[in-house]
Amino acid sequence: MSNYIILVPLLPLLGFLLNVFLGKKHFSKAMVTTIALGSVALAFLVTVITFFEFLNSGEESIKVTYYQFAQIGSFSLPFSLLVDPLSLLMMLVVTGVGFLIHIYAVGYMSHDVDYPRFFSYLNLFMFSMLLLVSSANYFFLFIGWEGVGVSSFLLIGFWFKNTNFTYAGMKAMLMNRTGDLGFFAGIMLIYVVFGSLEFDKVFSRANDFESGTFIITMITILLFIGASAKSAQIPLYTWLPDAMAGPTPVSALMHAATMVTAGIYLIARSNILFALAPVTLNIVAITGLCTALLAAFIALSQNDIKKVLAYSTVSQLGYMCMALGVTAFSSAMFHFMTHAFFKALLFLCAGSIIHAMSNEQDVRNMGGLKKHLPITFLTFLLATLAIAGIPPLSGFFSKDEILVHAFEYNVVFWGFALFGALLTSFYMFRLLFLTFYGEFRGTHEQKHHLHESPNVMTYPLIILAVLSAIGGFVGIPQLLGGSQKFDKFLEPVFSKAELKLSHLETAHLSHATEWTLMGVSIALIIMSILLARRIYFIKKIIPVSEKVKLSFWHNLSYHKFYIDELYRYILIRPMHFIHDFLNLRIEAGIIDRKVNGTGDAVMGFSKYLRLLQNGKTGYYIFGMVIGLVVILALNFIF
Amino acid sequence: MGILSFIIFTPLAGALLVLILSSAQSKYFKIIALVATILQMIFGIMLFSDFKYGTQLLKTPDGTETVAYGINNPDTFQFVEKGDWISINLGNYGILDIDYYLAVDGLSITMILLSALVFFVSVIASWKIEKNLKGYFALFLLLDMAVVGVFCALDFFLFFMFWEIMLLPMYFLIGIWGGPRREYASIKFFLYTLVGSVFMLLVMVGLYFSVIDPALTAIQAGLVQPGADINAMKAAVLEVQKLLAEGKLSPAVQVHSFNMLHMMNTSNLVPGSIFAVGGEIFGYSARLIAFMALFLGFAIKVPMVPFHTWLPDAHVEAPTPISVILAGVLLKLGGYGMMRICYGIFPEGGVYFCYFIGLMGLISMVYGAFVCLAQTDLKKLIAYSSVSHMGYVLLGMASLETVGMNAAMFQMFNHGTISAMLFLLVGVIYDRTHDRQIPNYRGLATHMPQYTAMVMIAFFASLGLPGFSGFVSEAFTFVGAFNSTYIPKWMAMVGTITILLTAAYYLWTLQRMFFGEVWFKGGDHWRHELSEINRRELTALIPLAAVTVFLGIFPSACLDLMSTSIGYMTQATIENGHKLLEQVSQMAVK
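Sequences listed follow chains A and B, in order. If you use our numbering, the first sequence closes out at 1704, no skipped numbers anywhere. If you use our numbering, the second sequence closes out at 1996, no skipped numbers anywhere.
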């Protein structure tokens, strides 16, 4: 069955091609839906079958080569896909969550005139993402990587009549490409150092390198630059909140559950390289932690429901990044999976709310939606509890694992990470109270229009809610009597890296310490939830409008630390200056002027030269005589 | 007459037919041109299907079988057509010998196929030309002949002749059928290219006096009878080369030659001649100066910054189909000439100047991309993007690394198809409104969705998106440049900035012209004029898009054709280059 793994990316690609070329003119809406959803459903099916076969086969990884993409001398680049625990996990989540979001989108986008185009783009995204996670070498991973960026550009700017939306798309793609430069440079360096881009060859050759080798550190830093753009880490994260301009299913699918985790996947995939570069690991861990805290802090004061969730995504990605940095690779992947469930759910709920509120996204105009949208409310509540880390929901297990590893790594890390978790539960409950409790603050028309979403939208919510609730059970720690199935499943992927890291291994924490850590974090999280409840439920404080002067910290948070403004001054302005300078001063002012000047000089010279040709015979004879005299004189002298 | 002659002269036959018919029958001119280019394509496909590449073996004249790599070994070329063309006895100056020598190897096959495709597409794009059809199509077909001739010629004189013939139709096609500033643009194009030709002519004449045709010389010297068998001929050739090196061959029996393959073999150099190893001009190595002179001549054509300013002007003024040809094929002549002639005949120049070439490539890439960002004229923007994309070719070539060299050649092919698409697309709106200013349009995506879809495909292909061929060649260029031991690694690193800048200027163009609410400077009049892209325009675009996508997914279809030849060429350039540089330095020591 592994041979059929190609179908997983290929089916969505086929769906894309059919819908994009024929969808609008030749297919009925039902046909478009069937193709788009069917291709993803089949891809999911193939993945599931492959997954079980793989479990039974007992192999560690299977590489399937399809054709020779390019062969130049000794440089060979086969197109091959990889079936191993990590790629299967990614494929399962991407196709599974992706399929649910596709179903939801059928309802969400039902009134849009560009329905076929939307679904074709979604399928294109699925194709790129699946290629990214199933590729067996860096080159095709990069192809998927770029494809994901373009799908993101197309989908963020899906409503292209609004230039703000398309601008956000452009920003996303350019920022991603900035990171891609790093990633691509990393790939070139990998080729130079290891002589191949195939994962198996690179990783087995990497095994012979010493820890801390300069060139490996370089490679990993470059790869991390790519990862940080795609996974929205400092300093390349500002595109993600703006990407919320896209239709909500897009935000759920790409900017929460799947695409943004590509960077996490890249690092997890290259785990052996990172394990050899302790310096980079430190950078990754610190960047992750800072991003987690910064984004959580910004999320505290945002009033757009999707922006809060977007910053929350950035913050959660920071946690995954930190987990990778402290070499808890499988914990990062665990959190990736649970996060995919509850964050997709949160976004879809937000979509349901926005749908009910006639495209209103500002929480200040919401409130009291609990009784109007019961299913949305319940699922949202569940997701909020999950992200806050309340046991026994999925987020608890994954976050707890990360916190434990952070503690093992460094107590300060643990402290900050826990603080971030408190912020998370605070802003999430702030959002919950502002949206669903209290009085309705919107217009009369909005109130009249309020309705629960249709079944096609609520069923995916319910399924995701179930997954968010029980998804963590695959990774119950030994402490709680679990068998850590998740870690064991992924072990073959990370075993080499762990071997390399074994010298760093700290003593395992005692059970008492682990219990304490868990108790402390749960207690504090519940306290922060109570604080949110006190402010936004009991005191019923509503965020003030833009006109009121804010305190310094509040201002900083509300304006996202002025990072966008900073970029405008240090990047965009100089860019405009450079291209204008080159175009006006160098191109027109020097190069072309010299070219035309050469022509003018010739013309000017001949203007004087042709005075000699004045047509007077006497003048010519005079010239001849002078000439003869000069020649004779020269002849006489020499 | 072999297949190559058919490929070259089918358009000429078409041109003659156009000239014979009276102007009253002008409706047939397009058909004639179309048929001529379709025939040329068919010949091209026949050529392609018989072409031996990779591990496929080719029978040589002496009966052995070998890999068909070409480059500097006459026996491994394919579809060889060789005939005496001009032969004049110059007494003491030896014998002037010019051959009609055509052949194909991995270096030229892709370029011939590209030319056939682009000319076919351009005929379709010429459908709306109204002014003086007779002149237009006659010149058009003449241009076609010249371009393909350049790619097939292995005799320098023949090469030069085709090269110069190409100038003339191009000059008139821009100067008569062009835009408002057509005269300025065509003169600039003409003079600029002519400057390059002067360099080429000088070197060509110098080479002629420095190189002998060993086989003919052997016959002339009486070492062998004409029509002797191959082994006797080979022995005689070696004997002649030995005598030549010892200076025992009298000038009167020396048969000089314009044959490029003889020029590539240093054993054929007359000792003491200007381009013999160690020859000097003003104390500098004459061969290195010759390399530079030829290189500059070709660099103007590529065009390389700072010799590029004729290109935006020519593009902006040229009618759409001529822009398509200019970007699609004519620029490739520069890159092809560098590989075939500069690197082939003076390999030490390629080794000696690799840093300079790489640097100029890098500057072209980055500078071109920056200048693109500042453009408000869509056609000018695409013209500058050509400058930027052709910079990759120089960088790849400078790497002297197999992957990089292959990528350079592949990039030329891809730029040919992609830039042809881009210029066709600019033509679509220019035909309708006669305006190309980016700020004068907004919301085209709503008004012309199909057109916008094609534009996005072309833009994405040009900005190097995976799935399109441009990505493969650009990525491989960087891999080659980075892996090279000849140019520093920072060049590839800095070069990657171009990827970002290219994305920036294309996306920004989409943002300005295609997104947002519909608004046109010409108001309702334009709204009416700007009809959706029609079937004829799509017919021209779709083959190009198909090739681009196909090669993006199966690049080996093109790479395999050339990788053997280019791999061999790279190796030969490095080996011979170092050897010659060493010889020169040893001579200097003595």
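From the three backbone atoms N, C-alpha and C, an ideal C-beta is built for every residue, glycine too. Small disclaimer: the values here were computed from a predicted structure and weren't measured.
Which of helix, strand or coil DSSP assigns to residue i
i: tryptophan 1925 of chain B; result: strand
i: glutamate 1518 of chain A; result: coil
i: glutamine 1977 of chain B; result: helix
i: glutamine 1817 of chain B; result: helix
i: glutamate 1938 of chain B; result: coil
i: glutamate 1042 of chain A; result: Residue numbering for chain A in the displayed model covers 1067 to 1704; residue 1042 of chain A lies beyond these limits and cannot be assessed.
i: tyrosine 1577 of chain B; result: helix
i: tyrosine 1847 of chain B; result: strand
i: valine 1955 of chain B; result: helix
i: lysine 1458 of chain B; result: coil
i: serine 1201 of chain A; result: strand
Other residues of its chain near residue i: CB distance less than 8 Å, five sequence neighbours each side excluded
i: histidine 1577 of chain A; result: Leu1545
i: isoleucine 1349 of chain A; result: Ile1287, Phe1290, Gly1391
i: arginine 1933 of chain B; result: His1853, Val1924, Phe1926
Contacts around residue i, its chain only, beta-carbon distance under 7 Å, and the 5 residues preceding and following it disregarded
i: serine 1890 of chain B; result: Ser1805, Leu1806, Glu1807, Gly1810
i: leucine 1583 of chain A; result: Leu1469, Val1470, Phe1473
i: serine 2026 of chain B; result: Nothing about residue 2026 of chain B can be reported from this structure: the residues present for chain B run from 1407 to 1996 only.
i: leucine 1440 of chain B; result: Val1529
i: isoleucine 1769 of chain B; result: Val1711
i: alanine 1682 of chain B; result: Ser1616, Leu1675, Val1676
i: valine 1374 of chain A; result: Ala1365, Gln1368, Tyr1493, Leu1497
Residues that DSSP places opposite residue i in a beta bridge
i: isoleucine 1504 of chain B; result: B:Ile1492
i: histidine 1662 of chain B; result: B:Leu1502, B:Ile1618
i: proline 1144 of chain A; result: A:Gln1134
i: glutamine 1484 of chain B; result: B:Val1510
i: aspartate 1783 of chain B; result: B:Gln1843
i: methionine 1465 of chain B; result: Correcting the residue identity first, residue 1465 of chain B is lysine in this sequence and not methionine. B:Glu1471.
i: serine 1691 of chain B; result: B:Glu1686
i: leucine 1675 of chain B; result: B:Val1617
Contact set for residue i: own chain, Cβ-Cβ below 6 Å, skip 5 residues either direction
i: valine 1799 of chain B; result: Gly1741, Ala1814, Gln1817, Met1818
i: leucine 1539 of chain B; result: Ser1432, Phe1435
i: leucine 1459 of chain A; result: Leu1451, Ala1452, Ala1535
i: phenylalanine 1999 of chain B; result: In this structure chain B extends from 1407 to 1996, so residue 1999 of chain B is not present and cannot be described.
i: alanine 1343 of chain A; result: Ile1282, Thr1283, Thr1286
i: valine 1086 of chain A; result: Ser1186
i: leucine 1907 of chain B; result: Ala1775
i: phenylalanine 1543 of chain B; result: Val1424, Phe1435, Ala1439
Which of the residues in the stretch 1688 to 1713 of chain B, read from start to end, lie with their CB under 7 Å from any CB of chain A? Pro1712
Could you name the residues of the stretch 1884 to 1902 of chain B whose beta carbon sits closer than 7 Å to any beta carbon of chain A, in the order they occur along the chain? Phe1884, Val1885, Phe1888, Asn1889, Ala1898, Met1899, Thr1902
Which residues, taken in chain order from the stretch 1902 to 1919 of chain B, show a beta carbon closer than 8 Å to some beta carbon of chain A? Thr1902, Ile1903, Ile1905, Leu1906, Ala1909, Ala1910, Leu1913, Trp1914, Leu1916, Gln1917
Just to confirm the assignment: which complete alpha helix (DSSP H) runs, minimum length 4, are found wholly within the stretch 1632 to 1682 of chain A? 1639 to 1646, 1658 to 1675
Length at least 4, wholly inside the stretch 1085 to 1128 of chain A: the alpha helix (DSSP H) runs in chain order: 1095 to 1123
Of all the residues that make up the stretch 1418 to 1452 of chain A, which are near chain B by a beta-carbon distance shorter than 7 Å? none
Any C-beta of chain B within less than 7 Å: which residues of the stretch 1211 to 1231 of chain A qualify? Glu1212, Gly1213, Val1216, Gly1223, Phe1226, Lys1227, Thr1229
Residues of the stretch 1781 to 1809 of chain B with a CB closer than 8 Å to any CB of chain A: list them in chain order, please. Gln1781, Thr1808, Val1809
Name the residues in the stretch 1121 to 1138 of chain A whose C-beta lies less than 7 Å from a C-beta of chain B; which are they? Gln1134, Phe1135, Ala1136, Gln1137, Ile1138
Completely contained alpha helix (DSSP H) runs for the stretch 1222 to 1310 of chain A, where each covers 4 or more residues: 1229 to 1260, 1265 to 1272, 1280 to 1296, 1305 to 1308
Quick one, which residues of the stretch 1587 to 1615 of chain B are near chain A if we go by CB-CB under 8 Å, in chain order? Lys1594, Leu1597, Tyr1598
If you measure beta-carbon to beta-carbon, which residues of the stretch 1636 to 1653 of chain A are closer than 7 Å to chain B? Ile1644, His1645, Asp1646, Leu1648, Asn1649, Glu1653
Taking the runs of the alpha helix (DSSP H) that are 4 residues or longer, which of them lie wholly in the stretch 1535 to 1573 of chain B? 1539 to 1558
Taking only runs that begin and end inside the stretch 1354 to 1410 of chain A, name each unbroken beta strand (DSSP E) of 3 or more residues, in chain order. none
Starting from the N-terminal side, write out each stretch of the alpha helix (DSSP H) that is 4 residues or longer and does not extend beyond the stretch 1836 to 1916 of chain B. 1850 to 1853, 1855 to 1868, 1875 to 1889, 1895 to 1901, 1903 to 1915
Interface positions of the stretch 1276 to 1288 of chain A facing chain B (Cβ-Cβ less than 9 Å), listed along the chain: none
Note down, in chain order, all residues in the stretch 1239 to 1251 of chain A with a beta-carbon under 8 Å from any beta-carbon belonging to chain B. Met1239, Leu1240, Arg1243, Thr1244, Asp1246, Leu1247, Phe1250, Ala1251
At a Cβ cut of 8 Å, what residues of the stretch 1863 to 1875 of chain B count as close to chain A, listed as they run along the chain? Phe1866, Leu1871, Pro1872, Gly1873
At a Cβ cut of 7 Å, what residues of the stretch 1456 to 1473 of chain B count as close to chain A, listed as they run along the chain? none
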